[in-house]
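Positions in the sequence shown are counted from 1; adding 1126 to them yields this note's numbering.
We treat Cβ as the ideally placed atom computed from N, Cα and C, and that holds for glycine.
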Amino acid sequence: MHLILLTAWTVLWFVVVEPHGGFSWHYLRTGGALIYQGDAGDGSGGLNLYAHHPELQMGPLSFLTAGLFNPFPEATGQLLAAALMSLLGLVIVVLAGRSAAHHFLGTGTNHQRLRQRVLIAGLAFIPMWIEVAVRFGHLDDVLALFFTALAVRAVTRGNAALTGGWLALAMDSKPTALAFLPLLLALPREKWLRAGLWCAGLVALAWLPFFLGDSQSFAAAKFAIPNHPASALRWLGVGDPETPGWDRPAQAALGLALGSVAVRRGRWAAVVLLGANARIVLDPSVYTYYTASVLLGTLLWDVIGQRRLVPWWSWLALLILYGSVFAVPDDAARGLIRLAFVAVSTAYVLFWPVRERGWRGQGRRRPPARTDEGPAHEGPMGGPHTGPWPGPAPTPGAGPPAGR
């Protein structure tokens, strides 16, 4: 039932937004045509794409995917792409729920309560997903967040190759996904090398041909955008009219540092939220689609990082970051709100006491004697089981590999 409700909610938002959507789709359409151009045309496509078009800030995988819609008439291709991207939002919610169920295996989790938590968080996530997928048509963000959700699923299953591979595809879709790389550290230590090699190999496979083919491709990394008056960057004292040269590296470094601290503190489910926070606090622009990455972070934190029935961080992010765009007319005030949200949410997920239900550091998961979700245990098929166990009780520490 929760999937039916979320599907209906997605369709409703799609129908409302789609007639006015596709604000940035022309970037993807242009890049999709250029990347398949090869040696044809004026020589500005193929492996010369980033050298001649530094304004195209999407990853090569995004352009390769976008080009698949170019054979259709422009309006039809945009509609099909928007529909596919909307569907991926629903898949992400399902992946978050499956990841949480696997992560909490053997901890007495009531799966009915978990489904309710996924539903409530998903209702907040979907409007922002439609913002990035339909209104703006940012396929690069959509793919990066989708592959990141798949990486989270692989983490809960302890699969090193898939974790590294999915994170690489996220970075191949959008470079800002680099901030989610600390998810690799959520794997058992002996799997770090394997995951890292898969990640590095697939990133090199996608990006190196462009930089080796044309050294001017590095110009894309220096592309600057205006520093908006409503950005949190202004409140940090950065008055440059455009993106400072240090800003992009600082975003990546801050995201990697915060994510690593989260993993160190046993709160790996906060990595995506912290990486998204690092982006919006240091980005000179304030596009509303940026908030979609924050909502994915709060979705994962609400369903995996804690066990409250009401996932209030997802709704706080939606109301504060998205709602303030319409309710607060002053640019400076909106910038302060963005900065305050980042500061409070970052401090909360890193330092607020959380009753452990999963692993912490290299510790082993132990089913709690009592939980805040009732005495239900998991039945043989993964659903709630409230009666006596037909056999021996669950073995302490018998969770998925990522929990060991």
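Counted within 10 angstroms of its Cβ, other Cβ atoms place residue i as buried (16 or more) or exposed
{"i": "Arg-1464", "result": "buried"}
{"i": "Val-1329", "result": "buried"}
{"i": "Pro-1253", "result": "buried"}
{"i": "Leu-1426", "result": "buried"}
{"i": "Val-1219", "result": "buried"}
{"i": "Ala-1449", "result": "The question names Ala, yet the displayed sequence has Gly at residue 1449. It counts as exposed."}
{"i": "Ser-1532", "result": "Here the chain has residues from 1127 to 1530 only, and residue 1532 is not among them."}
{"i": "Ala-1466", "result": "exposed"}
{"i": "His-1128", "result": "buried"}
{"i": "Lys-1348", "result": "exposed"}
{"i": "Phe-1477", "result": "exposed"}
{"i": "Pro-1301", "result": "buried"}
{"i": "Gly-1489", "result": "At Gly-1489 the pLDDT is 33, less than 50, meaning the model places this residue with poor confidence and gives no usable figure here."}
{"i": "Asp-1267", "result": "buried"}
{"i": "Pro-1186", "result": "buried"}
{"i": "Ala-1222", "result": "buried"}
{"i": "Ala-1207", "result": "buried"}
{"i": "Trp-1372", "result": "exposed"}
{"i": "His-1229", "result": "buried"}
{"i": "Phe-1452", "result": "exposed"}
{"i": "Asp-1428", "result": "buried"}
{"i": "Leu-1334", "result": "exposed"}
Whole-angstrom C-beta distance between residue j and residue i, which should lie under 8 Å
{"i": "Leu-1408", "j": "Ala-1376", "result": "6 Å"}
{"i": "Leu-1421", "j": "Ala-1404", "result": "Their Cβ separation, rounded to whole angstroms, is 16 Å, which puts Leu-1421 and Ala-1404 out of contact at 8 Å."}
{"i": "Trp-1255", "j": "Phe-1273", "result": "Not quite, the Cβ-Cβ distance comes to about 15 Å (not below 8 Å), so this is no contact."}
{"i": "Leu-1309", "j": "Thr-1282", "result": "About 11 Å; that fails the 8 Å criterion."}
{"i": "Gly-1440", "j": "Thr-1424", "result": "Reading the sequence as shown, one finds Ser at residue 1440 and not Gly. Yes, they are in contact, since the Cβ atoms of Ser-1440 and Thr-1424 sit about 4 Å apart, within 8 Å."}
{"i": "Leu-1435", "j": "Arg-1315", "result": "Wrong, their Cβ atoms sit about 34 Å apart, outside the cutoff."}
{"i": "Ala-1358", "j": "Gly-1461", "result": "5 Å"}
{"i": "Ser-1271", "j": "Ala-1418", "result": "Sequence check: residue 1271 is Leu here, not Ser. About 7 Å; that satisfies the 8 Å criterion."}
{"i": "Ala-1259", "j": "Ser-1212", "result": "5 Å"}
{"i": "Thr-1156", "j": "Leu-1265", "result": "About 12 Å separates the two Cβ atoms, so there is no contact after all."}
{"i": "Gly-1284", "j": "Leu-1313", "result": "7 Å"}
Local conformation of residue i per DSSP, three classes
{"i": "Glu-1181", "result": "coil"}
{"i": "Pro-1308", "result": "helix"}
{"i": "Ser-1150", "result": "coil"}
{"i": "Asp-1266", "result": "helix"}
{"i": "Arg-1434", "result": "coil"}
{"i": "Pro-1197", "result": "coil"}
{"i": "Val-1412", "result": "coil"}
{"i": "Asn-1531", "result": "What the structure shows of the chain is the stretch from 1127 to 1530, and residue 1531 is not part of that stretch, so it cannot be assessed."}
{"i": "Phe-1230", "result": "coil"}
{"i": "Gln-1204", "result": "helix"}
{"i": "Ala-1375", "result": "Before going on, a small fix: residue 1375 reads as Pro here, not Ala. Helix, per DSSP."}
{"i": "Asn-1403", "result": "helix"}
{"i": "Asn-1174", "result": "helix"}
{"i": "Ser-1341", "result": "helix"}
{"i": "Asp-1298", "result": "helix"}
{"i": "Leu-1362", "result": "coil"}
{"i": "Leu-1313", "result": "coil"}
{"i": "Gly-1169", "result": "coil"}
{"i": "Pro-1186", "result": "helix"}
C-alpha distance - residue i paired with residue j, whole-angstrom precision
{"i": "Asn-1196", "j": "Gly-1203", "result": "6 Å"}
{"i": "Ile-1117", "j": "Gly-1232", "result": "With the chain covering only 1127 through 1530, there is no way to say anything about residue 1117."}
{"i": "Ser-1471", "j": "Gly-1172", "result": "42 Å"}
{"i": "Arg-1261", "j": "Ala-1469", "result": "28 Å"}
{"i": "Arg-1320", "j": "Leu-1269", "result": "23 Å"}
{"i": "Ser-1341", "j": "Ala-1177", "result": "8 Å"}
{"i": "Lys-1317", "j": "Phe-1198", "result": "44 Å"}
{"i": "Pro-1506", "j": "Pro-1180", "result": "Confidence in Pro-1506 is poor, its pLDDT being 33 and thus under 50, which makes the residue's placement unreliable; the coordinate value appears in the next sentence. The straight-line gap from Cα to Cα measures roughly 54 Å."}
{"i": "Leu-1384", "j": "Phe-1140", "result": "34 Å"}
{"i": "Ala-1209", "j": "Trp-1151", "result": "13 Å"}
{"i": "Glu-1200", "j": "Ile-1406", "result": "31 Å"}
{"i": "Val-1278", "j": "Arg-1224", "result": "10 Å"}
{"i": "Asn-1236", "j": "Leu-1131", "result": "20 Å"}
{"i": "Gly-1487", "j": "Arg-1393", "result": "Note on Gly-1487: pLDDT 36, under 50, position unreliable in the model; the coordinate value appears next. Taking the straight line from one Cα to the other gives about 9 Å."}
{"i": "Leu-1216", "j": "Glu-1368", "result": "36 Å"}
{"i": "Ala-1332", "j": "Gly-1234", "result": "43 Å"}
{"i": "Gly-1431", "j": "Val-1480", "result": "8 Å"}
{"i": "Val-1138", "j": "Leu-1249", "result": "The sequence shown places Leu at residue 1138, not Val. Answer to the nearest angstrom: the Cα atoms are 12 Å apart."}
{"i": "Arg-1241", "j": "Trp-1135", "result": "16 Å"}
{"i": "Ala-1388", "j": "Val-1397", "result": "6 Å"}
{"i": "Pro-1527", "j": "Ala-1296", "result": "Since pLDDT at Pro-1527 reaches only 38, below the 50 mark, its modelled position is unreliable, and the value read off the structure follows with that caveat. Roughly 23 Å separates the two Cα atoms."}
{"i": "Ala-1159", "j": "Leu-1304", "result": "26 Å"}
{"i": "Leu-1175", "j": "Ala-1356", "result": "32 Å"}
{"i": "Ile-1161", "j": "Phe-1336", "result": "10 Å"}
{"i": "Gly-1540", "j": "Pro-1370", "result": "The structure shown does not extend to residue 1540, since the chain is modelled only from 1127 to 1530, so the question has no answer here."}
{"i": "Ala-1402", "j": "Tyr-1153", "result": "22 Å"}
{"i": "Ala-1280", "j": "Ala-1345", "result": "34 Å"}
{"i": "Val-1143", "j": "Glu-1257", "result": "8 Å"}
{"i": "Arg-1360", "j": "Arg-1391", "result": "31 Å"}
CB contact check: residue i to chain D, cutoff 8 Å
{"i": "Val-1278", "result": "Here there is only one protein chain, and chain D is not present."}
Beta-bridge pairing of residue i - partner residues as DSSP gives them
{"i": "Glu-1368", "result": "Pro-1352"}
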